[in-house]
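Student:
Numbering (the numbering used here), first residue to last: 458 to 609.
#1: Under DSSP, the alpha helix (DSSP H) around residue 607 begins and ends at which residues?
#2: What ranges does the beta strand (DSSP E) occupy inside the segment 489-523, keeping only unbroken runs of at least 3 residues that lie completely in it?
#3: My understanding is that residue 474 touches residue 463, with C-beta atoms under 8 Å, so please give their C-beta distance in whole angstroms.
#4: Going by DSSP, what residue range makes up the beta strand (DSSP E) through residue 486?
#5: Are there 16 or more other CB atoms within 10 angstroms of the CB of residue 459, so buried, or fewer, so exposed?
#6: Check whether the Cβ atoms of residue 526 and residue 564 lie closer than 8 Å to each other.
#7: Is the distance from the Cβ of residue 597 to the Cβ of residue 550 below 8 Å?
#8: Closer than 7 Å by C-beta to residue 600: which residues in its own chain qualify, once you throw out the five before and the five after it? Chain order, please.
#9: Compute the beta-carbon to beta-carbon distance between residue 585 and residue 547, rounded to the nearest angstrom, for a pair I have assumed lies under 8 Å.
#10: Rounded to a whole number of angstroms, what is the C-alpha to C-alpha distance between residue 602 and residue 530?
#11: Need the endpoints of the beta strand (DSSP E) that residue 531 sits in, please.
#12: When burial is assigned at 16 or more other CB atoms within 10 Å of the CB, is residue 545 buried or exposed?
#13: If you compare alpha carbons, which of 535, 590, 533 and 518 is closest to residue 555?
#14: Given this structure, state the Cα-to-Cα distance separating residue 557 from residue 605, to the nearest angstrom.
If you want it as structure tokens, here you go:
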């Protein structure tokens with residue numbers, strides 16, 4: 458719940474994981490040639506705390522794509538990420554949904570065999586009113602549309 462998307466060894470594995478999480482049937486990917494493909498590289502806030510080794514590796518990968526014929530474009534999505542942070546300032550959507558799923562044991566206050574890095578955000582999210590969750594879902598829908606527009 459702390460990453461932008463699924464993490465895996467291949468794009469196909471990420472796509473399969475995404476399909477599972479979205480409750481969709483996985484459709485095999487069709488390879489596209491890189492020549493002429495436009496790829497947006499979202500710099501800015503996503504890279505502010507990146508370790509030097511990770512940043513260097515990312516830059517090498519981006520350069521490899523460019524050498525294979527992809528057209529790269531630096532892309533700013535910081536304003537959309539800021540809007541999402543504002544919408545979820547009290548709790549992330551995932552935490553609010555997790556709090557609903559685990560409401561029974563959260564309400565008991567009992568200690569659980571769950572890492573505090575998981576249980577504490579869930580406990581905080583359990584106190585967020587349903588109206589905040591509804592507003593977050595509505596805002597997420599608008600932000601997804603804005604992100605789609607920005608990336609095309």
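All residues carry an ideal CB built from backbone N, CA and C; glycine is no exception.
Tutor: With the structure as the only source:
#1: Note, residue 607: alpha helix (DSSP H), 587-608.
#2: Annotation note: the segment 489-523 contains the following uninterrupted beta strand (DSSP E) runs of length 3 or greater, listed N- to C-terminal: 495-499.
#3: Confirmed, about 4 Å.
#4: First-last for residue 486: undefined, no H or E at that position.
#5: A caution first: residue 459 carries a pLDDT of 49, below 50, which makes its placement in the model unreliable, though a value can still be read off. Result: exposed.
#6: No, the Cβ-Cβ distance between residue 526 and residue 564 is not below 8 Å.
#7: Yes. Within cutoff.
#8: Closer than 7 Å at Cβ, skipping near neighbours: 537, 540 and 541.
#9: So it is a contact: roughly 5 Å between Cβ atoms.
#10: Rounded to the nearest angstrom, the two C-alpha atoms are 20 Å apart.
#11: Run containing residue 531: 528-532, per the beta strand (DSSP E) assignment.
#12: By the neighbour-count rule (16 or more Cβ atoms within 10 Å), residue 545 is buried.
#13: Ranking the options by Cα distance to residue 555, first place goes to 590.
#14: Spanning the alpha carbons of residue 557 and residue 605 requires a straight line of approximately 29 Å.
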